[in-house]
Structure formats: C-alpha cells, structure tokens
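Visitor: Starting off with a structure, shown below.
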Amino acid sequence: MKTKNKITLSIGVLMIVIVCLGLFASWSTQMMKINTENILKDNYNSVMYAQRMLNAISLYDSDSAKAAQIFTQNLKRQKLNETEKDEKQITRQLADAYEAFHHKNTSRNRMQLEQSINNIIKMNTDAIRMKSETAVEGAHSTLLWTIFLSIMSSVIAIFMLLKFPRMLTSPIKELLEGIIEISNHNYNKRLNFGEKSEFNNVATSFNNMAEELSLFQRSSMAKIISTKQYLETVINAIKEPILGLNDKKDILFANDAVTQILNIQEEKIINRSALDLSLSNDLLRRLIRGLEQNDNNTGEKSNNEEPLKIYSDDKECYYEVHYLSLSGNSGTVILLTDITKFKMLDNAKTNFISVISHELKTPISAILMSLKLLEDNRIGNMNSEQKELAQSIQDNSDRLLKITGELLKMTQVEAGVLHLNPKITKPIELIDYAIKATRVLAEHWKCNIEVEYPDEKIPKIFVDNEKIAWVITNLLSNAIHYSSENSRIIVGARQLNGKVEIYVRDFGKGIDARYHKTIFDRYFRVPGTKVQGSGLGLSISKDFVEAHGGTIRVESEIGKGSCFIVSLNI
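To convert, take the position in the sequence shown, counting from 1, and add 330; that gives the numbering used here.
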C-alpha cells in the first residue's frame with residue numbers, strides 16, 4: 331500500500347471513530363433529556379394539580395365558590411394531562427367523587443374525594459420514582475457504553491500511533507542507515523523494499539549509486555596509491571628536511587633528510603604521534619614546541635625567527651624552520667631550510683669586519699697623531715689653506731674612527747660576545763654624560779639643548795652605564811645633525827607604567843611613518859637623507875637596549891620632528 335493510501339486510511343478510521351463517538355453522545359444526551367422532561371413535565375404537573383385540589387377542599391367550608399372554581403380548573407387540567415396507565419379511570423373516579431361531594435357535602439363524600447386525589451398523587455409519584463430509576467439506569471448504561479467506546483477508540487488510536495509511524499518511517503530509517511553506511515565508505519550496502527513498495531525506485535537509485543561509488547573507489551584507489559608513491563618520491567628527492575603533521579600532530583610523511591637529522595627510521599615515524607616521539611627526541615621536541623608557541627602567540631603558523639642549531643655528521647649545522655599550514659587547518663608541514671653556508675658566510679663577514687675595524691683603528695690613530703703634530707706651532711705655522719686641509723682631515727678621521735667603533739660594537743652583538751657591566755644608576759647621570767659628550771657638536775650647529783626632568787623622584791635603573799650612555803649620546807647626536815640652526819632639542823626622563831623612559835625630542839622635518847620600524851635595521855637610511863652616516867647607530871642602540879630587557883621606539887610625523895624613547899626596567 332502506498333504512503334498516501336496509508337495516510338488516507340488512518341485519517342478515515344480516526345474520523346469514523348470520532349463521528350461514532352459524537353453520534354452516540356448526542357443520542358445519549360437526547361434520551362436523557364427526554365426522560366428528564368417527562369419526569370418534570372407530565373407527572374410533576376399532575377401532582378401539582380392534585381395538591382391544588384386538596385387545598386381547594388380545605389377552602390370549601392369558608393369560601394365554597396372560590397374553592398369550587400379552583401378545584402374545577404385543576405380537574406380540567408388533570409383530564410388533559412392523563413399520561414399514565416389507568417390514570418384516566420382514576421381521574422373519572424375523581425370527577426364522580428367531586429360531583430357527589432359537590433351535591434352533598436358530607437364527611438363520607440369528602441373522604442372519598444380526598445382518597446381519589448391521593449390515588450392520583452400516588453400514581454404520579456410512583457411514576458416519577460420509576461422514571462427516575464429508569465433515567466439513572468439509562469445514564470449508567472450510557473456511561474458504561476461511553477467508557478467502552480472511549481477505550482476502544484483509545485486502543486485504535488494507540489494502535490495507529492504505534493503502527494502507522496513505523497509503517498511510514500521504517501523505509502526512511504533504512505534509507506538513512508544506508509546513507510550513513512555510504513558516508514562511512516561502505517559502498518557494499520544495498521537496499522531492498524520489495525517490488526510493490528513505492529520506495530522501490532529510491533532503493534534502485536541508491537543501489538546504482540553505491541555500485542558506481544564502489545567502482546569509483548576501486549579505480550581511484552589505484553590512482554591515489556600511484557599519486558602517493560609519486561609524492562613520496564618527490565619529497566624524498568628534496569634535500570631539505572620536510573615533516574608533515576595532521577591536526578592531531580600525527581606524522582603523515584617524512585623525507586630521508588628529516589629522518590636522518592632526527593636519527594629515526596622511516597618505518598618507526600610514519601603514522602606515529604609526534605608528541606609521543608618527542609618525549610625521547612630532543613630535536614623533534616624543539617620543533618613541536620616551536621609549533622605550539624606559534625599557535626598560542628599568533629593563532630597562525632609562522633616562521634621561527636631564530637635559526638635552529640643542530641649537530642649532524644660531527645659538525646654544526648643551522649636550519650631556518652618554517653611552519654606551513656595545510657588548507658582547512660587540517661595539519662602543518664614543517665620545512666627546515668639549511669642555512670649553514672649562509673651562517674658561515676655571516677660569521678666570516680663578522681670576523682672580517684672585526685679584523686678590519688681593529689686594523690683601521692691603528693692607522694687612523696696614527697693619522698690623528700700626525701695631524702696633532704702638524705697643528706703644533708713649534709713645528710711651524712700653517713697658512714689658511716693648510717689649516718682648512720688639516721680640519722678636513724680631522725673631520726674625516728673622526729668620522730672614520732666613529733664608523734670603525736660602530737662596526738666593532740656591531741660585531742660584538744652579532745658574535746654574541748656583548749658583555750654588560752650593570753650597576754645602579756640615576757637617569758639624570760646618563761643625560762648629563764650625553765649632553766657633555768655632544769656639547770661641542772651642539773655649539774657648532776647652534777642648537778639649544780633643554781633638559782626635562784620631573785620634580786618628583788625618579789627610580790634608579792640597573793644598567794651598563796657605558797652602553798646606555800652611548801645610546802643616549804647617539805640619539806642626541808642624531809637630533810643635532812637633523813635639526814636646523816638655532817633649533818630646540820629636548821632630552822628628559824619620566825616614570826611611566828612601572829618603567830623609566832629616557833627620551834630625545836627634536837623639531838626637525840620628522841620621519842615618515844613607513845620607516846618607523848626599518849630605521850632600526852642595519853645599514854638602513856631614510857631615503858633622501860643628506861646627513862652622512864653608516865646606518866648602524868640606531869641598530870646598535872636597539873641591540874644595547876634590548877640586551878638590558880628594554881625597548882626603543884620612535885614617535886614622529888612629517889614636519890613635526892621626532893622623539894626617540896628608550897624604555898628601561900626600574
């Protein structure tokens with residue numbers, strides 16, 4: 331039977347049950363109404379007429395005319411309301427008794443008349459009682475039938491409630507189970523609802539789909555295996571170490587280069603948990619820790635800034651770690667780029683600069699010493715041109731000596747041999763040192779240096795005096811070079827957010843916001859800058875400040891000058 335017919339049949343049965351209950355209830359109510367009306371209307375009226383006739387007899391002695399009128403009226407009404415068996419005969423006897431009483435008012439006739447009236451009362455009261463009992467029995471029977479029909483209707487409704495939804499949902503449930511099996515890649519699942527079922531076409535389509543998927547799986551599996559082998563060949567051909575993880579940090583693939591530096595065989599690493607393997611492998615533990623730190627800090631997988639140092643084949647190797655996120659955040663590829671050659675070149679460059687800087691300081695010192703001798707009047711006086719040339723030599727030698735000093739400091743930072751000798755220092759002492767060191771330069775450029783120092787006491791700081799003083803001196807020197815004549819330069823200190831900030835503010839042309847971060851890179855100079863320099867001063871200043879756990883930043887706008895701020899811990 332089709333679903334449409336099943337629904338029609340079920341609704342039809344329920345409607346028949348509802349109509350039957352409604353008809354039975356209407357019939358029962360009507361019968362009870364009829365019985366009640368009979369009791370109240372006919373018999374009750376006869377009793378009421380008889381009572382009035384009895385009252386009329388009581389008035390007969392005092393007012394016979396009125397009593398006769400009342401009696402006669404109620405007797406006529408009684409004759410019109412003869413509803414019970416033998417009631418007509420008793421009413422005739424009552425009329426005869428009244429004629430006898432009316433003709434001759436004797437006690438015997440009165441007694442016979444009252445007896446006739448009482449017979450009518452008794453007959454009607456007996457009828458009322460019988461009809462009441464009949465009504466009660468009818469109501470009881472109706473109640474029983476109502477209960478019986480309600481139970482039968484409930485049984486039918488419960489049967490349909492249990493059976494009918496199952497009849498409708500059974501094929502749908504079976505179809506849903508089949509779909510779940512297909513989604514779980516069980517393409518051997520088949521459905522059979524019978525040839526007469528209206529879901530037969532659905533079952534046929536489902537079975538055809540499952541067969542096609544099964545064929546596709548068998549055909550595509552070979553392609554997947556072939557592609558997997560191809561990818562494995564490509565990955566193993568890459569010389570850089572590559573490690574693939576899924577979102578649960580299980581290892582999906584690893585090429586020969588990464589298994590070699592991890593010192594783990596390939597068959598012991600594939601499809602294993604990287605977290606479990608990292609418990610006994612230091613290098614893998616460092617890679618996983620770097621991945622977790624990147625996830626926690628940025629929410630995205632990014633590259634490690636610090637190179638990874640590994641001892642492999644009895645030599646020191648350096649790798650740059652890259653975390654590449656797979657599409658849909660389904661995993662991560664860890665790529666290690668070998669930068670050992672570049673690290674060695676960088677070290678060679680650092681050593682070369684260090685050696686050259688040391689070697690240059692000796693001839694520069696000799697040039698300055700010879701220049702001092704030339705300027706000594708005891709040797710002889712120089713003319714104006716000679717003095718101009720000597721001043722040019724002095725300026726260039728000082729500039730060259732400053733550059734070599736900056737190069738030496740840079741090589742110390744790069745080589746990791748920067749030594750700090752911190753001690754408790756007042757910020758004002760560092761500011762005084764920088765002002766004294768740049769006094770001659772400020773007078774030459776006619777710059778006015780102002781000091782801003784709060785009246786309240788500023789906490790002392792624990793720093794290397796020489797290096798932080800060099801930073802403040804470098805910032806103050808830059809402010810003088812980039813300011814016009816008769817300009818103001820402000821240097822000061824303040825306490826802010828639990829730190830001490832030392833700042834140098836100038837009112838020059840300012841720095842474009844695009845370069846606020848890059849000006850601290852080595853050898854970088856703002857495009858269009860006419861002031862000569864090596865581009866190392868701010869980079870070295872940043873290294874010195876960060877070595878103390880502090881920060882350095884710039885606040886600047888074009889046309890409004892610049893303010894360099896050094897923030898140090900109290």
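Each residue gets a CB set at the ideal place from its N, CA and C atoms; glycine is no exception.
In whole angstroms, what separates the C-alpha of Lys776 from that of Gly889?
Guide: Computed Cα separation, rounded: 20 Å.
Visitor: Would you mind sorting Gly891 into buried or exposed? The rule is 16 or more other CB atoms within 10 Å of its CB.
Guide: Label assigned to Gly891: buried.
Visitor: Going by the beta-carbon positions, is the gap between Ile581 and Thr589 smaller than 8 Å?
Guide: No.
Visitor: Beta-carbon within less than 6 Å of Pro571's beta-carbon, same chain only, minus the 5 sequence neighbours each way: which residues are those?
Guide: So the qualifying residues of the chain are Ala587, Val588, Ile591, Leu666.
Visitor: Only counting the same chain, and skipping five residues up and downstream in sequence, which positions put a Cβ closer than 7 Å to that of Glu815?
Guide: Cβ neighbours of Glu815 beyond the five flanking positions: Trp775, Lys776.
Visitor: Helix, strand or coil for Ile664 per DSSP?
Guide: Strand at Ile664.
Visitor: Determine the DSSP secondary structure at Ser277, reduced to helix, strand or coil.
Guide: Missing from the structure shown is residue 277; the chain here goes from 331 to 900 and no further.
Visitor: Under the DSSP definition of a beta bridge, which residues are partnered with Cys647?
Guide: Paired residues: Ile640.
Visitor: Helix, strand or coil for Leu519 per DSSP?
Guide: One point to set straight first is that residue 519 is Lys, not Leu, in the sequence displayed. The answer is coil: DSSP assigns Lys519 none of H, G, I, E or B.
Visitor: Quick check: what's the CA-CA separation for Ile882 versus Val896?
Guide: Approximately 5 Å between the Cα atoms of the pair.
Visitor: Pick from Asn576, Gln595, Asp577, Lys578: whose alpha carbon is nearest that of Asn585?
Guide: It is Gln595 whose Cα lies nearest to the Cα of Asn585.
Visitor: When DSSP builds the beta bridges, which residues end up paired with Tyr653?
Guide: Ile664.
Visitor: Quick check: Ile779 and Ile819, are their CB atoms within less than 8 Å of each other?
Guide: Yes, the Cβ-Cβ distance between Ile779 and Ile819 is below 8 Å.
Visitor: Per DSSP, what kind of secondary structure is Thr768 in: helix, strand or coil?
Guide: DSSP places Thr768 in coil when its eight states are reduced to three.
Visitor: Would you decide whether Arg844 is buried or exposed? Buried here means 16 or more other CB atoms lie within 10 Å of its CB.
Guide: Exposed: under 16 other Cβ atoms inside 10 Å.
Visitor: If you draw a straight line from the alpha carbon of Lys872 to that of Leu806, how long is it in whole angstroms?
Guide: One C-alpha to the other measures close to 15 Å.
Visitor: Taking all protein chains shown into account, decide if Tyr901 is buried (16 or more other Cβ within 10 angstroms of its Cβ) or exposed.
Guide: Since the first and last residues shown for the chain are 331 and 900, residue 901 lies out of range.
Visitor: Given a threshold of 16 other Cβ atoms within 10 Å of its Cβ, counted over all protein chains shown, does Ser813 qualify as buried or as exposed?
Guide: So Ser813 counts as buried.
Visitor: Over the uninterrupted beta strand (DSSP E) stretch that includes Ile791, give me the two end residues.
Guide: It spans 791-793 - the beta strand (DSSP E) in which Ile791 sits, taken as one unbroken run.
Visitor: Return the chain-ordered list of same chain residues with a C-beta closer than 7 Å to the C-beta of Asn900, the five sequence neighbours on each side being excluded.
Guide: The sequence as given places Ile at residue 900; Asn does not occur at that position. If we look at Ile900 and ignore the five residues flanking it on each side, its Cβ neighbours are Pro789, Ile791, Gly828, Lys829, Val830.
Visitor: With a threshold of 8 Å, are at least 3 pairs of Cβ atoms found where one atom belongs to the segment 513-523 and the other to the segment 391-410?
Guide: Contact fails: fewer than three Cβ-Cβ distances are below 8 Å.
Visitor: To which residues of the same chain is Phe431 closer than 7 Å at the C-beta, ignoring the five residues directly before and after it?
Guide: The answer, listed in chain order, is Asn439, Arg440, Leu443.
Visitor: Quick check: the Cα distance between Asn448 and Val466, rounded to an integer number of angstroms?
Guide: Straight-line Cα distance between these residues: approximately 26 Å.
Visitor: To the nearest angstrom, report how far apart Asp456 and Leu410 are at their CA atoms.
Guide: Straight-line Cα distance between these residues: approximately 20 Å.
Visitor: Keeping to the same chain, check which residues put their C-beta closer than 6 Å to that of Arg835; ignore five residues upstream and five downstream.
Guide: The residues are Ile820, Cys893.
Visitor: Give me, in chain order, the residues of the same chain whose beta-carbon lies closer than 6 Å to that of Cys647; leave out the 5 immediate sequence neighbours on both sides.
Guide: Ile640, Thr670, listed in sequence order.
Visitor: Applying the criterion that 16 or more other CB atoms from any shown protein chain within 10 Å of the CB defines a buried residue, is Lys702 buried or exposed?
Guide: So Lys702 ends up on the exposed side.
Visitor: For a quick check, are the C-beta atoms of Ser886 and Ile841 less than 8 Å apart?
Guide: Yes, they are a contact pair.
Visitor: What does the Cβ neighbour count give for Tyr649, buried or exposed, with the cut at 16 atoms within 10 Å?
Guide: Buried, by the Cβ-count rule.
Visitor: Assuming Arg855 contacts Gly867 under a Cβ cut-off of 8 Å, what Cβ separation, rounded to an integer in Å, is found between them?
Guide: Not confirmed; about 10 Å, so no contact.
Visitor: For Val834, list the residues DSSP reports as bridge partners.
Guide: According to DSSP, which records beta bridges pairwise, Val834 is partnered with Val821, Phe894.
Visitor: Compute the beta-carbon to beta-carbon distance between Val347 and Ser483, rounded to the nearest angstrom, for a pair I have assumed lies under 8 Å.
Guide: Sure, about 5 Å apart at Cβ, within 8 Å.
Visitor: Could you name the residues that DSSP lists as bridge partners for Arg440?
Guide: None, per the DSSP bridge assignment.
Visitor: What's the call for Trp357, buried or exposed, on a 16-neighbour Cβ count within 10 Å?
Guide: Classification for Trp357: exposed.
Visitor: Quick one: grab the DSSP three-state call for Ile348.
Guide: Three-state DSSP puts Ile348 in a helix.
Visitor: What does the alpha-carbon distance come out to for the pair Ile754 and Val793?
Guide: Ile754 and Val793: Cα-Cα distance of roughly 7 Å.
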